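Contents: one structure, followed by commentary.
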Amino acid sequence: MVYTRPDHNPPVVQWDTLSPLLRTVVTDVPVLSPNVNRPHPPSKQYKTPDNVHDVTTPERKRRHESSNTSDPKNPRLSRVKVIQIADDDDDDEEGPSTPVPGDTQESKKKAIVHKYEEELHSLVGRLSTSPDVPRVTKKIMQSLQLLHKAHKDLIQHVSFDLLGNLICMLYIMTAPNIDRRLLSEEYIEHCVHLLKHVLQRLLCPSLDNLVLSQLLQDAKSTVHPKYHGALKKKIDKVGLVHVTSAFMETVEELVTGLKLQDSWILSLSRAVVDTFSLEGSQASQANICLLQVRASVLVRGLFLHNPTHRPLLMDDIFAVLLKLPTTKRHMRTFKLSSHGGDVHVQMISMMLVTLAQASVRVSMDAVRDTARVIVHSLVQKCMKKDESHDFRQTFEHFVDDLLAMLPSPEWPAVHVILEALSGGLTNLMAQQKTNKLESQSSLLALHLLGKICASIRQIACQAKAHPIDTLTHPPALVECRDHARQLLASKHVNDSNANVAQCMVLMFLGDQSAHLSVDAEEFHRAQCAFSDEFRALKANVTLSNAVGRVLVTELVSHRDLCLHFDQMLMAIMTFLTRGQPTFRARVLKALGMIVDCDPLLMADDHLHQAITLSLSDEATSVRQSAVELVGKYIGLQSMLFPKYFAMLADRLRDKGISVRKSVLKIFKTYLQHTPMNPNDEAECVSKALRALVERIGVASEDESVKDAVLAILQDVWFGSSSRRSGHAAHHQDTVVTPASLRKKAAATNYKVLSMIDVVHHVHNPDWMVTLIGRLMSKNAVEIESACAAMVSELMEFLLQLEEGHTLPLLSFDGNAQRVATLKTLHVICQASPRMVLPYLDTLTVYLKQDDRLTKPTQMHVLAMAAAMIGLVLPSVEKPVEKWMVQLENDLKSLVLGAPPQVVKPAVDCLATLTTSGLHRPPKLLLKILEMLYAFLVKNPRMLLKAQQDHTLQTMILHPDPKVRTQILASLTDLLQGEEARLEKLHATQGTNVGKDQVQGDQEGDASLIGGVMQAQLPNMLKVATQKEASIRTQAIACIGLLLTQGLIAPMQCIPTLVALETDQLASVRDTAYLHLVAIHGKFPNMVSGPAIQGIFSSYQFQTRAFGKAIVCDTDNVVRVCFLCCCFD
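Counting from 60, one number per residue, gives the positions in the sequence shown under the working numbering.
Set out below in structure tokens:
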């Protein structure tokens, strides 16, 4: 609101220039007007000059004379207050004719008035033409003249002559230096009724169709739309809005100078306050705004000078406030002059702040009382919702307006209202019972408290980021700041930022006083402790509105409202332990609104404790809200992740799948955008990756969560990374490297190091092999390229470790780094052995013993080196013979002298070497197979591995008879050992009845061996009828054990046993015969059918093994087969 007083200086009234009318009145009254400069009291001998200057124009004089002569009962004269003249007996002064006997008192008064009628017209003429009176007087009378002529029916209750006289008298009564004893209550009442009539009957209906409809409805009449449109055009043509605005300004001067009757105040206040309910169209918004701004000035005067009417005035204002629409597009029409942008607030909000700010004319306590009244009315009337209107939205709009006005220099009372409002809302929530916290009023109070806290925190952050003592731009601010410091130093006032800002604000207001609220400067002075030292402060430079906002921002940051932020925040956080889950989730939302303005609040210990408490809340919705709150700001401030990591990692195990997925998003954001600094982030990144990998190993975990984890790891390790590795590129000044290469190398290093760290802490990295394999199936070229780069980095790291260096960015050191690097290389090799093929020669080096390493480390290195070589060997196309011989010797040494954990991968590597066609060392292979029994007894599960990769089948069907014989012997030994173990276990159970024994793993191993043997039975039966007697001997022994232990079905073995019964070797023949007898004893009807196939197989067997079918054994003894015995 901009309010300026008339730009003229009141004239000094000299005694000699007074008109006879005024001089007579002043002479008759003992108490004189203080504005009259009179050296000594006038006496009756004082002579008035005859030639009084009359500035009335001839046309105006003729109009007045014709009006007076044509109408002896002129209402203007009939309402002129009769004034008694005390100098009737003065012979030297002209006066009325001496009354003759019989004249009445009324005729005497009429003669006196007639005498001074022309003098009164002369005074009115002066007021109409003098520059000391606003020029709008003529426009008012012309406008009323036109309206009277065009619309006599609408203003028929008001005489045009009366309106003219009322306006003239109003300017007389408000003219500078006018004596108060000339004021008439009758004319004041006419002014009030005039303004009320114009507002309610003309302006408001013409500006707002809703008001017109209501007016016609109340009057039970109708007006044609064309008639209303014509009226609006004529009102716009004569500028009635501007005329009425000026008239309201004059009435405001009258209100501030006189004590009006209660009826006048009530009538005037209701008419003026109703203007704030005008809506109108877009075309009429300018006129409505002008009218409402002037109305706010008049309401301010009524509020300030009539204390007893303040409650009623507040009731009228809030009655209008509750009627205002909450969804109107152009709801805010008052533009804040100090804002450079297009910032608007509601007119009703501006008026309420104006009333609170005007109370500073009384005292600061009055300001606080007014603020409390406003807050109390808002809480009582706007915290509810009815069927037609949502008053809560009105409350929120008002708070939004206050927050928009807070950094404005012309509205310093806003922070007092906000302080009272925050206290009232906090008390309202604190007094609510726990079961009532979900009420609409509590939720609204929480939301508004969050808004207020967010705004004052934003102001505090702005002031902290740009303190006034460090600003160097613009130059006008710097010069004004230096001037303010000099003034404070001259008065021995502390030059703190708050005092400097306050002094500069006073300078700004002194320079901008004509464009600011009328009470702004007075309010700032009332709040300033040293304002009495500076009565008038003027800046030696012109300060812009932007500088003014900067000064107020600094000033508000030192006020109680901002200083009480911590208490307000704590009050909000206390509600995290109260109410239902929906309410606690709303509290977290309010906290999020506050943290939006200052993300660094997430590092505050109190807020951290509150959010940690919410992360372990019993309600899933609250935990979800807490996770979303943390995740929102970790993306902006990655340094917050370590502070919340423990609770977030725990939420990865949350029972709510939505919570787990939200945590995964946080981890993804952190891992994608966080640099891995040597001392800060490495351990946290490693922990985050390990926490993600842990979810893959949980069997009950949802598949969508596992897929999300794999997607994160894929993006971190194999995606296009945009992260920065410790900002190392900014510090490398000695070596000039292209930025693209440097960025690529840094990203690859980070990926490989993070992968090494994860693999080190993970027990089973098979999931990583699966991940790489899946990625290669989708995008082979890109993933193979990434894996090739990783393998290159891993080999480089191995060389660095060989030289005695330590790898950076890892959460462990020492020999564990060497093992973890080889383990990571082994993972990639399992997924794609071709990636490691170029480095096969380097891997053979690790098959040698290294005395520098500890024994456990040495075993891990040897085992992984042998395993990787075994995986890569099938990809070798043309190996060098010398290299192959050396590899054979190294593997032989490991098989003969290394512990079992190394023997197994060495044996696998040798098996690959023999079966791949690259090299065939039968003696070594036989030695390996001789040791296979001892290895399989301790590691039965390796038999399943040999079955799955077809190693066992390859050995059983090996071209070398010795190899086939040895593998069958090893399997026979394994079955005999398993039978002995089971017998021993049975005996132990008999002697230890009642004792609990754990047998799950042992029974599982037995089942595993039986399953493998069943799978290899066709191969055993195939080699059982081969030419070599040693093979047949080992095969019948192994098949017999399988039959005895019940691991295979007898029907499969009957044809082979019948064929072997005709073997020339007696041990084989007798063993087959005994097994057939045992089968026939158990299943008498089973042997006959398969025996026919056995006779045919016997013929083939003898032809293949002996070259002919014979019936004699090696001693020429005639053989009788079991089949013949069965038919005897």
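No residue lacks a Cβ here, since even glycine has one placed at the ideal position from N, Cα and C.
Since we're looking at a predicted model, the values are computed, not measured.
inquiry  = Let's test the definition: count the other Cβ atoms within 10 Å of the Cβ of Ala1168 and tell me whether it reaches 16, buried, or not, exposed.
reply    = Working through the sequence shown from its first residue, we reach residue 1168 at position 1109. Exposed.
* Identify, in the order they occur along the chain, each residue of the same chain with its Cβ nearer than 8 angstroms to the Cβ of Ser745, setting aside the five sequence neighbours on each side. => For this step, residue 745 is matched to residue 686 along the sequence shown. Closer than 8 angstroms at the Cβ level, and outside the excluded window around Ser745, lie Ser813, Asp816, Val817, His820, Leu869 and Ser870.
Rounded to whole angstroms, what is the Cα-Cα separation between Ser1126 and Thr1092? In the sequence shown, counting from the first residue as 1, residue 1126 sits at position 1067. In the sequence shown, counting from the first residue as 1, residue 1092 sits at position 1033. Between Ser1126 and Thr1092, the C-alpha separation is close to 8 angstroms.
Going by alpha carbons, who is nearest to Leu262 out of Ile247, Lys293 and Ala848?
-> Position 203 of the sequence shown, counted from the first residue, corresponds to residue 262. Here the closest residue by C-alpha is Lys293.
Just tell me which of Ala513, Gln416, Ala848 and Gln439 has its CA closest to the CA of Ala649. By one-based count along the sequence shown, residue 649 stands at place 590. The option with the nearest alpha carbon to Ala649 is Ala513.
Please name the residue or residues paired with Lys394 in a DSSP beta bridge. Numbered from 1 along the sequence shown, position 335 holds the residue referred to as residue 394. Lys394 pairs with His403.
Could you give the distance in angstroms between the alpha-carbon of Gly1148 and the alpha-carbon of Gly1036?
Here residue 1148 corresponds to residue number 1089 of the sequence shown, with the count starting at 1. Here residue 1036 corresponds to residue number 977 of the sequence shown, with the count starting at 1. Taking the CA atoms as reference points, Gly1148 sits about 34 angstroms from Gly1036.
- Query: When burial is assigned at 16 or more other CB atoms within 10 Å of the CB, is Ile1026 buried or exposed?
  - Reply: As a working mapping, residue 1026 is identified with position 967 in the sequence shown. Ile1026 should be labelled buried.
| message | Do Val886 and Met927 count as a contact pair if the criterion is CB distance below 8 angstroms? | response | In the sequence shown, the residue the question calls residue 927 occupies position 868. In the sequence shown, the residue the question calls residue 886 occupies position 827. No, the pair does not count as a contact, with Cβ atoms beyond the cut-off.
From this set, Val537, His448, Pro468 and Glu338, which residue's C-alpha is nearest Ser396's C-alpha?
Numbered from its first residue, the sequence shown carries residue 396 at position 337. Selected option, being the one with the closest Cα: Pro468.
**Study point:** Whole-Å CB distance - Arg427 paired with Val475, under 8 angstroms assumed
**Key:** Locating residue 427 in the sequence shown gives position 368, where the first residue counts as 1. Locating residue 475 in the sequence shown gives position 416, where the first residue counts as 1. Contact holds; Cβ gap of about 6 angstroms.
Check: Roughly how many angstroms lie between the CA atoms of His403 and Ala543, to the nearest whole one?
Finding: Position 344 of the sequence shown, counting from 1, holds the residue named residue 403. Position 484 of the sequence shown, counting from 1, holds the residue named residue 543. Their Cα atoms are separated by approximately 32 angstroms.
Residue interval of the alpha helix (DSSP H) (run including Glu538) = In the sequence shown, residue 538 corresponds to position 479, counting from 1. Segment Pro534 to Ser549, the alpha helix (DSSP H) holding Glu538.
Quick check on the DSSP output: the alpha helix (DSSP H) that includes Ser603 runs from which residue to which? Residue mapping note: residue 603 aligns to position 544 of the sequence shown, counting from 1. Note, Ser603: premise wrong, no alpha helix (DSSP H); not H, not E.
| said: My assumption, with CB atoms under 8 angstroms, is that Tyr703 sits in contact with Val654. Please give the rounded CB distance. | reply: Within the sequence shown, numbered from 1, the residue matching residue 703 stands at position 644. Within the sequence shown, numbered from 1, the residue matching residue 654 stands at position 595. Incorrect: roughly 13 angstroms between the Cβ atoms, too far for contact.
task: Compute the distance between the beta-carbons of Ala548 and Asp554, then report whether it is under 8 angstroms.
output: Position 489 of the sequence shown holds residue 548. Position 495 of the sequence shown holds residue 554. Contact flag set, yes.
Note to self: Buried or exposed, going by whether 16 or more other CB atoms sit within 10 Å of the CB of Tyr1158?
What the structure shows: Here residue 1158 is taken as the residue at index 1099 of the sequence shown, counted from 1. With fewer than 16 other Cβ atoms within 10 Å, it is exposed.
Exercise. With DSSP run on the structure shown, which of helix, strand or coil describes His252?
Worked result: What you label residue 252 is simply residue 193 of the sequence shown in a count that begins at 1. Reduced to three states, the DSSP call for His252 is helix.
| said: Less than 8 angstroms between the beta carbons of Gln416 and Asp578, yes or no? | reply: Here residue 416 corresponds to residue number 357 of the sequence shown, with the count starting at 1. Here residue 578 corresponds to residue number 519 of the sequence shown, with the count starting at 1. Result yes, Cβ atoms of Gln416 and Asp578 sit closer than 8 angstroms.
Exercise. In or out: Ile433 buried (at least 16 other Cβ within 10 Å) or exposed?
Worked result: Here residue 433 refers to the residue found at position 374 of the sequence shown. Ile433 comes out buried.
Can you give me the C-alpha to C-alpha distance between Leu203 and Pro533, rounded to a whole angstrom? Mapped onto the sequence shown, residue 203 falls at position 144. Mapped onto the sequence shown, residue 533 falls at position 474. Any reading at Leu203 is ruled out, since the residue's pLDDT is 47, under 50, leaving its predicted position unreliable.
_Can you give me the C-alpha to C-alpha distance between Leu56 and Val935, rounded to a whole angstrom?_
The structure shown does not extend to residue 56, since the chain spans only 60 to 1187, so no value can be given for it.
What are the boundary residues of the alpha helix (DSSP H) that Ala1086 is part of? Residue 1086 sits at position 1027 when you count from the first residue of the sequence shown. As written in the sequence, residue 1086 is Lys, which differs from the Ala given in the question. From DSSP, Lys1086 is part of no alpha helix (DSSP H); its letter is neither H nor E.
Q: Using 10 angstroms around the beta-carbon of Thr529, count the other beta-carbons present and answer buried if the total reaches 16, otherwise exposed.
A: Numbered from 1 along the sequence shown, position 470 holds the residue referred to as residue 529. Flag for Thr529 reads exposed.
Over what stretch of residues does the alpha helix (DSSP H) that includes Tyr1132 continue unbroken?
-> Here residue 1132 refers to the residue found at position 1073 of the sequence shown. Start and end: Ala1125 to Lys1141.
Within the same chain, show all residues whose beta-carbon is closer than 6 angstroms to that of Gly694, passing over the 5 residues directly before and after it, in chain order. Numbered from 1 along the sequence shown, position 635 holds the residue referred to as residue 694. These residues qualify, in order along the chain: Thr728.
Requested in this report: Starting from Gly316, trace the alpha helix (DSSP H) both ways and give me its first and last residue.
Outcome: The sequence position of residue 316 within the sequence shown is 257, counting from 1. Element bounds for Gly316: Leu299 to Gly316.
Cα-Cα separation between Phe377 and Gln521, rounded to whole angstroms:
The residue you call residue 377 lines up with position 318 of the sequence shown. The residue you call residue 521 lines up with position 462 of the sequence shown. Distance between the alpha carbons of Phe377 and Gln521 is about 34 angstroms.
| request: Establish whether the CB of Asp333 and some CB of chain B are separated by less than 8 angstroms. | output: The displayed structure is made up of one protein chain only, and chain B is not part of it.
- Task: Work out the CA separation of Leu363 and Gln344 for me, nearest whole Å.
- Result: Taking the sequence shown and counting its residues from 1, one reaches residue 344 at position 285. Taking the sequence shown and counting its residues from 1, one reaches residue 363 at position 304. Whole-angstrom Cα-Cα distance: 28 angstroms.
Q | Distance, Ala585 Cα to Asn556 Cα | A | Your numbering for residue 556 matches position 497 in the sequence shown. Your numbering for residue 585 matches position 526 in the sequence shown. One C-alpha to the other measures close to 18 angstroms.
I'd like the list of long-range same chain contacts for Arg431, defined as Cβ closer than 7 angstroms, with 5 residues on each side in sequence excluded.
Along the sequence shown, one-based indexing puts residue 431 at 372. Correct list, in chain order: Ala479.
- Query: Helix, strand or coil: which one does DSSP assign to Ile527?
  - Reply: Here the question's residue 527 lines up with position 468 in the sequence shown. Coil, per DSSP.
> Between Glu687 and the rest of its own chain, which residues show a CB-CB distance below 7 angstroms, the 5 nearest in sequence each way excluded?
Replying inline: As a first step, residue 687 is located in the sequence shown; it is residue number 628 there, counting from the start. So the qualifying residues of the chain are Ser721.
Item to check | Of the residues Arg749, Arg754 and Tyr809, the one placed nearest His732, counting alpha carbons only | outcome: Taking the first residue of the sequence shown as 1, we reach residue 732 at position 673. Per the Cα distances, Tyr809.
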